[in-house]
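The C-terminal position of the sequence shown is numbered 1109 in the numbering used here, with every residue numbered one higher than the one before it. Working notes, beginning with the structure itself.
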Amino acid sequence: MDKAKVLGENKIPSLLWQFSLPAIGGNLVNVLYNIVDSIFVGHGVGEIGLTAVTIAFPLMSLLMAIGLLVGVGASTLVSIRLGEQNKDAADLILGNAVTMLLVFVIISTGAALLFLDPLLIKLGATPEVLPYTHDFVVVILWGSVFLHLGGGLGGVVQAQGDPKMALIAMLISGVLNTILNPILIVGLNLGIKGSAWATVIAQAASAICILVYFIRGMGTLKLKLRNLVLQYRIVIDIIKIGLSLFLMQVSNSVVMFLFNNSLIVYGGELAVASFGIINRMMMLVMMPVMGLTQAAQPIIGYNFGAKQFDRVLETLKIVLTLAVCAGAVGVVIIYMLATPIIHLFNGGEEMVAIGSVGLKVFLVMMPLIGFQVIGASYFQAVGKAGYTIVLNLLRQVILLIPLVIILPMTFGLMGIWAAGPISDFVSALLTSVFLYREMRKLSSENRVVCQENIT
């Protein structure tokens, strides 16, 4: 059953609607269960629990980077190969991706467990917070194989033209996590360990669902035993394309590390806990943008491979417009509800005072981030890894890291909050230049293809 052909035949608005709704729905589920998770941690463990989870985030982000490295590279290659009508090559990429994920998870989990406590202290865990962070991370690490498989292969499900299955896998994970959180954290009194176990069990259910889907060949692709043997060329291609998002995720870990340590110095543990809430609200605002990006990527990749450049250009224009509008609406809502949001996580008055200001300042430029996210995703979808690396590192490394180091020296805690919107604005401006040039190039290439078809 070839579900990928619709990517090159159906109308672009219809495809974006078809693909973005499951993607946004799946992202909504993931964001909501992260928020619900934090709410139960805040009420069941207290502000110290929120601080502990926020301290652990850079390490978890590093683990996610490995899944992104393989998942993004594999899904991009699958889209392009299916656009070229080469299903056997796409099946081979899927098999190699599974093996790569398993190998990488063994290496990363072993290394993290070996140096865990010194690593958590470096990440900013104080003596009071360390036991909570340790308990949370140990459980996550032992279940990280499911995090890698579910996250890494979810994009491949989407890339081969089955957004509904991608949504089902996310729904399974999200609903199960939401159900388990109150049971494990409060009902069984497991505290922060309960939060970690809820995450692991939910991710395991999602990963198993995706594996069964591919093993049974329920979509375009089928996971075959012979394709699990690594092919050097495929491994290199996957890494080359996925490297940009991997580096972005690694840089995100570095940024989180710097933020957490700066927040401890200039605002204390409550500022760190507030930043955890701000991150979750940022995820909520980013949800429709990421959904549109996930929807556009297989459409762009397939049509680029099929040399249908007019469809690539149309997709790019539509998602950029929608992303800016969605981001603006999200920020307005967050502004109106800033104080109640902090209270929702069981934050006291001091935490509300810190968090509500941080929330408003940090997210003010979020409507523009769609340019950077979609721009980087576009170059990734068409296999131009170099551009993607530059654009992803632009915001996280070139701009944000220096800002979060320099600004607090003069402006204190406000300088930390201001680093985000300054980075968002400059990176969006520069990305728009890259996109403008690329869109002109697409128009030119489309004219050439049209002339060739006429002759």
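Virtual Cβ for every residue (Gly too), placed ideally from N, Cα, C.
If you look at residue 1051, you'll find it isn't in any alpha helix (DSSP H); DSSP assigns it neither H nor E. With a beta-carbon spacing of about 5 Å, residue 877 and residue 869 fall inside the 8 Å limit used to define contacts. Restricting attention to 882, 699, 739, 871, the CA atom closest to the CA of residue 754 is found in 882. For residue 1047 and residue 719, the gap between their C-alpha atoms comes out near 14 Å. Of all alpha-carbon atoms in 874, 728, 977, the one lying nearest the alpha-carbon of residue 1082 is that of 977. Beta-carbon to beta-carbon, residue 805 and residue 721 are separated by about 4 Å, close enough to satisfy the 8 Å threshold. Between residue 694 and the set 842, 795, 762, the nearest pair of CA atoms involves 842. For residue 951, the enclosing alpha helix (DSSP H) begins and ends at 923-959.
Selection 723, 770, 677, 661 evaluated against residue 713 yields 770 as nearest (Cα-Cα).
Counting C-beta pairs closer than 8 Å gives fewer than three between the stretch 667-675 and the stretch 742-758, which falls short of the contact rule.
The count of Cβ pairs closer than 8 Å, one atom from the stretch 1041-1055 and one from the stretch 1084-1097, reaches three, so the stretches are in contact. Annotated three-state conformation of residue 704 is helix, per DSSP. In the three-state reduction of the DSSP assignment, residue 877 falls in the coil class, being assigned neither a helical nor a strand state. Rounded to the nearest angstrom, the gap between the Cα atoms of residue 1033 and residue 971 is 14 Å. Here residue 832 is not near residue 1041, since their CB atoms are 9 Å or more apart.
In this structure the stretch 987-999 does not touch the stretch 942-958; the number of beta carbon pairs closer than 8 Å is below three.
Under the DSSP assignment, residue 865 falls in the alpha helix (DSSP H) whose first and last residues are 846-869. Selection 801, 895, 828, 917 evaluated against residue 861 yields 801 as nearest (Cα-Cα). Between residue 725 and residue 840, the C-beta gap is not smaller than 9 Å, which leaves the two residues out of contact. For the set 1102, 1021, 1039, the Cα lying nearest the Cα of residue 1076 is the one of 1021. In the displayed model, residue 781 falls within coil according to three-state DSSP, outside both helix and strand. Pairing residue 1016 with residue 708 gives a Cβ-Cβ distance that is not under 9 Å. For the pair residue 938 and residue 984, the CB atoms are nearer than the 9 Å cut-off.
Annotation for residue 893: 723, 727 place their beta carbon closer than 7 Å to its own, counting only its chain and skipping 5 residues before and after.
For residue 746, the three-state secondary structure derived from DSSP is helix.
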